[in-house]
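Below you'll find the structure, written out as structure tokens, and then a few comments.
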Amino acid sequence: MFSQEEFQFAAKYPFSSVARDIVKYYVDDFSKVSLETKDLAKGIILDSYFRTFLSPYDIKVYSKELLLDHILAYPLAKIYVSIIANEELYTRFAKYIAKRTYDNLTNNNFSEVFDLAYDLNIEFSTKNDFVVIPLFSFLKVDCFDNDNSFKLVNQRLDAGNVYLSREKFAKFLSNHIFSELLNTLPCSVDGLPSSLKEEANSIRNDIFSRKYKISFNKIQNIYPNAFPACYRELYFSLLSGSNLTHIARFYLAVFLAAVGMKKESIIELFKNAPNYNETKTKYHVDRIFSKKRFLPPSCAKLREYGLCKDNCNVKNPIVYYKKMLFTDKKQK
Amino acid sequence: MKNEDFLKKAFGWYYSKNKVPAPDSIENREFGIGSFGKKIDKRHFAFQNEKELNNFLRAEIPLYISYSCAYYKKPDATPMEAKGFLGSDLIYEFDADDFNEDCVDKHDRWSCKSCNAKGQGAPEKCPYCGGRVELDQWVCKNCLEKAKQNTLKLISWLKSDFGIDEGIYVNFSGFKGYHVHVRMHEIKNLKQNARVELVDYLTAHFLDTKSLGFNYQDGVFYCPAENSARGWQKKILLAIKNIFMSANYEELALATGITLSSAKRIIYNSDLVINSMKNGYLPKLFHKNEKFWNSLISYSINKEALPIDRQTSVDIKKIVRLPDSLHGATGLKASIVELRDIKNFDPLKNSIVFPEKAIKINVKSVPSFELNSKVFGPYENETVELPAYAAIYLIARNYATLGG
Chain A
1 MFSQEEFQFA AKYPFSSVAR DIVKYYVDDF SKVSLETKDL AKGIILDSYF
51 RTFLSPYDIK VYSKELLLDH ILAYPLAKIY VSIIANEELY TRFAKYIAKR
101 TYDNLTNNNF SEVFDLAYDL NIEFSTKNDF VVIPLFSFLK VDCFDNDNSF
151 KLVNQRLDAG NVYLSREKFA KFLSNHIFSE LLNTLPCSVD GLPSSLKEEA
201 NSIRNDIFSR KYKISFNKIQ NIYPNAFPAC YRELYFSLLS GSNLTHIARF
251 YLAVFLAAVG MKKESIIELF KNAPNYNETK TKYHVDRIFS KKRFLPPSCA
301 KLREYGLCKD NCNVKNPIVY YKKMLFTDKK QK
Chain B
1 MKNEDFLKKA FGWYYSKNKV PAPDSIENRE FGIGSFGKKI DKRHFAFQNE
51 KELNNFLRAE IPLYISYSCA YYKKPDATPM EAKGFLGSDL IYEFDADDFN
101 EDCVDKHDRW SCKSCNAKGQ GAPEKCPYCG GRVELDQWVC KNCLEKAKQN
151 TLKLISWLKS DFGIDEGIYV NFSGFKGYHV HVRMHEIKNL KQNARVELVD
201 YLTAHFLDTK SLGFNYQDGV FYCPAENSAR GWQKKILLAI KNIFMSANYE
251 ELALATGITL SSAKRIIYNS DLVINSMKNG YLPKLFHKNE KFWNSLISYS
301 INKEALPIDR QTSVDIKKIV RLPDSLHGAT GLKASIVELR DIKNFDPLKN
351 SIVFPEKAIK INVKSVPSFE LNSKVFGPYE NETVELPAYA AIYLIARNYA
401 TLGG
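Protein chains in written order, with our numbering: chain A, 1 to 332; chain B, 1 to 404.
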């Protein structure tokens, strides 16, 4: 019914019409969606409220089943947010989705901007290297991150048309999502099953009782959800069978060793790689665990290799991880 | 007869002989009226049609009448939330006060509340003791002309930049400037944030030259190539080009803080500058590069930006003078001016509605002022006979009382 590409697109842009069609096709009753979907929806809300951006958001290689969880998580999160009914949460949720959209468009070198614009029925044309949109369409959207360079005064404006670079058009689309989402929140929650209301109330308690602790699940002695965006993406990609470059694999192994993962567990993890080679893996992991231990590379180094995914305001990803765990401990 | 009663009688005479046109969708507009010395005394009036409005003017004879730029379901309901907001026009206001023209020193006066010092001009604070000053402000042909020039510039930007070429209406405010009303479907539904964006564009607020492509990097000052420049890029380049094309070295020196002799040498290189701008960079001239061009860019932005009253443009629930009604502080008509007639419109002549018939008044201290192409004053606590329009002007401004 739906292609892999459509699934991937919908997972990245869960507000798109493709995503809506998929949701319509697969779900009648949101109270019956999988536990994974419910967890993801909760994660989105907590991430957006606490501005932690913990969930992996550049989804590349998941199976259709996993992608479906991501696609369904968005409308479910929207339902939960509407039940929670808190203005601040509406704004933070909309900002989170807008930022995620912008990051996804950026990560793909803006190659998806036109697909998304067509999907969202945005009026635009192209002229030379610019995307041209009517002034009054530009004015309808609010900027989700108060970026001055996106103000009208800093645009190329001519005869009622705004000329945007692809990058700025990506920002415009993200702002469009932000404004649309804010306009449609809260959505109608009349007649929803009581189980959804209970789940939403439990999330509300997590947020507002201030007893919420970042729920880092301990897996193999480590807390992957507390990883910085760069290693979180590498870790989850490898888990889902993605083929990482040599340097990405090596850095990931060094990082995992540094945060306390056992040698055997690391080798086990690398078995998910599509071209897993036991001898080679063992050789590299042994070297990492040798007397002369490798230190995790700095953020600057990761940036050099294009592996950096977020501006975490730290110099080394390990600092971010420790900071997150420290916050977690303090809250506990 | 008290001043206010006299003015009411005069205004009543005018309204009995003239019909004030109803604004568009009058049934959805809120109206407010004012009395002597108070522009808005009562609000929340509503009229179903032009006849009702004019009957009200004839019966109540308000000295000021304003209407909402907003449209409401129930314009007379209170509080504001009960009115049911339906949308709003866009209003831009230019006040002669905001231009700081040289003529201010001739017609404006100030007095200090702390040290009692007095003087000509409109300083922000007392030049002697730094205390708060009370301003006695007047307008002349020159400052109203400046307001008109800015109004024309705004109309041209509305067309060239915003693509708005219909639904633009202009009226003289009746005192210090002009109001531009923009009425169209897309405008009506604009949120306040969008209105802020528009006024920020017109006033160059938050303008970031780097975002617009003016960027000094590795010894080269890049700028947008002239033929692809749009919006503020184009305005800045054009302002710079005009200085070089007109060989105005004095303005160049003033803008960049260089000496007149340096400015002269640089102006000799106008052709190089103009050609470089076509190719997307600003050339290094006699070791003058980053600082020089940044100063000239800042100067061009300040010169081009429109001095619009910000509050009026972003307040979607503001009430403004009803076009073609009388202004209670001057007795002049807030005349509607057709776009094609603006250039020849003389507010101090074409907005006079009262006759030449002489009226005796006692005038306080007043500088000379011009009305109907005639200069009156200066007066210093004296009794004079003036044409009705000039007498009403001074009485409405509270600088005179009925004499005799």
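Here a beta-carbon is modelled for each residue, glycine too, at the ideal position from N, C-alpha and C.
Predicted, not measured: the structure shown is a model, and the values here were computed from it.
Any C-beta of chain A under 9 Å from that of residue i
i, result
"B:Phe162", "yes"
"B:Ala204", "yes"
"B:Tyr201", "yes"
"B:Ser211", "yes"
"B:Arg310", "no"
Buried versus exposed call for residue i [16 or more other C-beta atoms within 10 Å across all chains shown]
i, result
"B:Thr383", "exposed"
"B:Glu380", "exposed"
"B:Ser16", "exposed"
"B:Ser211", "buried"
"A:Thr281", "buried"
"B:Ser335", "buried"
"A:Met324", "buried"
"B:Gln217", "exposed"
"A:Pro274", "exposed"
"A:Glu199", "buried"
"B:Gln233", "buried"
From the options, residue whose alpha carbon lies closest to that of residue i
i, options, result
"B:Gln48", "B:Ala70, B:Lys74, B:Ser298 and B:Phe94", "B:Lys74"
"B:Ser406", "B:Gly84, B:Ser295, B:Glu197 and B:Ile395", "The requested residue 406 of chain B does not occur in the structure, where chain B is confined to residues 1 to 404."
"A:Ile122", "A:Asn108, A:Ala170 and A:Asp147", "A:Ala170"
"B:Glu370", "B:Pro355, B:Asn362, B:Ala390 and B:Ala358", "B:Ala390"
"A:Pro193", "A:Asp29, A:Gln8, A:Ser3 and A:Lys323", "A:Asp29"
"A:Ile44", "A:Phe208, A:Pro228, A:Ile203 and A:Asn272", "A:Ile203"
"B:Asp102", "B:Ala329, B:Val139 and B:Tyr201", "B:Val139"
"A:Phe50", "A:Phe208, A:Leu307, A:Asn311 and A:Glu264", "A:Phe208"
"A:Tyr163", "A:Lys127, A:Thr281, A:Phe9 and A:Ile83", "A:Lys127"
"B:Leu252", "B:Ala225, B:Glu290, B:Ile297 and B:Ile361", "B:Ile297"
"B:Ala59", "B:Val180, B:Gly12, B:Ile243 and B:Val170", "B:Gly12"
"B:Ile361", "B:Gly377, B:Ser373, B:Asn350 and B:Val353", "B:Gly377"
"B:Asn193", "A:Tyr80, A:Val132, A:Asn146 and A:Asn225", "A:Asn146"
"A:Leu181", "A:Ser82, A:Asn154 and A:Val18", "A:Ser82"
"A:Lys197", "A:Asp206, A:Ser31 and A:Ser290", "A:Ser31"
"B:Lys38", "B:Lys51, B:Asn28, B:Pro62 and B:Glu124", "B:Pro62"
"A:Asn201", "A:Lys42, A:Leu307, A:Ser16 and A:Pro14", "A:Lys42"
"B:Ile267", "B:Gly280, B:Asn279 and B:Phe286", "B:Phe286"
"A:Lys140", "B:Arg109, B:Lys188 and B:Tyr178", "B:Lys188"
"A:Cys312", "A:Ile71, A:Tyr283, A:Leu238 and A:Pro228", "A:Pro228"
"A:Ile22", "A:Leu72, A:Asp39 and A:Glu36", "A:Leu72"
"B:Gly174", "B:Val353, B:Pro387, B:Glu385 and B:Val375", "B:Val353"
"B:Ser246", "B:Gly257, B:Ser262, B:Ser270 and B:Ile236", "B:Ser270"
"A:Ile288", "A:Val254, A:Leu302, A:Glu264 and A:Gly260", "A:Val254"
Which of helix, strand or coil DSSP assigns to residue i
i, result
"A:Ala159", "coil"
"B:Ser88", "strand"
"B:Ala70", "strand"
"B:Asp136", "strand"
"A:Tyr276", "coil"
"B:Ile187", "helix"
"B:Arg29", "coil"
"B:Thr383", "strand"
Sequence-distant residues of its chain with Cβ nearer than 8 Å to residue i (five each side left out)
i, result
"B:Ile319", "Glu30, Phe31, Gly32, Ile40, Arg43, Ser66, Tyr67, Ser68 and Cys69"
"B:Lys153", "Leu306"
Neighbour flag for residue i against chain B, beta carbons, 9 Å
i, result
"A:Phe136", "yes"
"A:Gly160", "yes"
"A:Tyr102", "no"
"A:Val153", "yes"
"A:Tyr251", "no"
"A:Arg166", "no"
Chain-order list of residues whose beta-carbon lies under 6 Å from that of residue i (same chain, five-residue window excluded)
i, result
"B:Pro347", "Leu144 and Phe172"
"A:Ile133", "Phe124 and Val162"
"A:Phe7", "Lys64 and Leu67"
"B:Ile395", "Asn3"
"B:Pro323", "Asn171, Ala334 and Ile336"
"B:Asp200", "Phe206"
"A:Ala226", "Phe216, Tyr321, Met324 and Leu325"
Close beta carbons around residue i, own chain, < 7 Å, minus the five adjacent residues each side
i, result
"A:Ala335", "As displayed, chain A neither begins before 1 nor continues past 332, which places residue 335 of chain A out of reach and without an answer."
"B:Gly403", "Lys360, Ile361, Asn362 and Thr383"
"B:Ile397", "Position check: residue 397 of chain B holds Arg in this sequence, whereas Ile was assumed. Closer than 7 Å at Cβ, skipping near neighbours: Ala329 and Thr330."
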